[in-house]
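One structure is given below, encoded as structure tokens.
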Amino acid sequence: MSVQLRVQVRFTWFPSFTPKGREGGEVIATMDLRDDLPSISIPTLAIAGADDPATPVPHLQAIAESVQNGQLLVVPQSAHLANDEQPEIITEALLAHLRVGQAIHGRLNSCLSTCPESEPHRAATPGRA
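Count along the sequence shown from 1, then add 98; that gives the number in our numbering.
Structure follows, in structure tokens:
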């Protein structure tokens with residue numbers, strides 16, 4: 099993490115946390131959505147900072163392995179703010195991931211254009227009858 103970012107976090111962000119904001123953090127800390135992960139079928143990119151103590155690599159690896167189409171990217175020399183610490187790596191990975199999504203969306207659209215009129219809604223919203 100850059101010195102400038104460390105100073106910003108320490109002297110700007112932390113003091114601005116309100117009691118309600120801290121309560122929200124406590125709620126997030128107790129959330130456990132692991133049982134829901136296998137139902138996620140869209141391409142999912144889990145990004146882990148190699149040196150992140152808040153969200154260690156094994157946590158993101160478990161997410162990537164639990165969703166149906168998951169991938170894990172471990173970003174070297176970064177912690178919890180990998181997007182600030184290694185922006186080139188993150189940007190390249192996100193663009194590649196979004197290209198995959200565009201390709202899937204394009205295939206879905208061409209399939210939907212050949213479906214009967216009632217089918218597109220059903221196909222575009224999985225899980226709805």
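We treat Cβ as the ideally placed atom computed from N, Cα and C, and that holds for glycine.
Tell me the DSSP bridge mates of residue i?
{"i": "I145", "result": "L171"}
With DSSP run on the structure shown, which of helix, strand or coil describes residue i?
{"i": "Q166", "result": "coil"}
{"i": "Q184", "result": "coil"}
{"i": "P154", "result": "coil"}
{"i": "H195", "result": "helix"}
{"i": "T116", "result": "coil"}
{"i": "A177", "result": "coil"}
{"i": "T137", "result": "The residue you asked about is not Thr; residue 137 is Ser in the sequence shown. Reduced to three states, the DSSP call for S137 is helix."}
Looking at C-alpha atoms only, which residue of the options is the closest neighbour of residue i?
{"i": "S139", "options": "E183, A146 and N167", "result": "N167"}
{"i": "D130", "options": "P117, A160 and V172", "result": "A160"}
{"i": "P154", "options": "V172, E190 and R120", "result": "V172"}
{"i": "P151", "options": "Q175, I188 and L196", "result": "Q175"}
In angstroms, rounded to a whole number, what distance separates the CA positions of residue i and residue j?
{"i": "Q184", "j": "A194", "result": "16 Å"}
{"i": "V125", "j": "V198", "result": "33 Å"}
{"i": "D134", "j": "E186", "result": "31 Å"}
{"i": "P136", "j": "L143", "result": "14 Å"}
{"i": "A146", "j": "T128", "result": "20 Å"}
{"i": "Q200", "j": "V165", "result": "19 Å"}
{"i": "D182", "j": "E190", "result": "14 Å"}
{"i": "R132", "j": "Q169", "result": "16 Å"}
{"i": "E121", "j": "P141", "result": "31 Å"}
{"i": "A177", "j": "G204", "result": "35 Å"}
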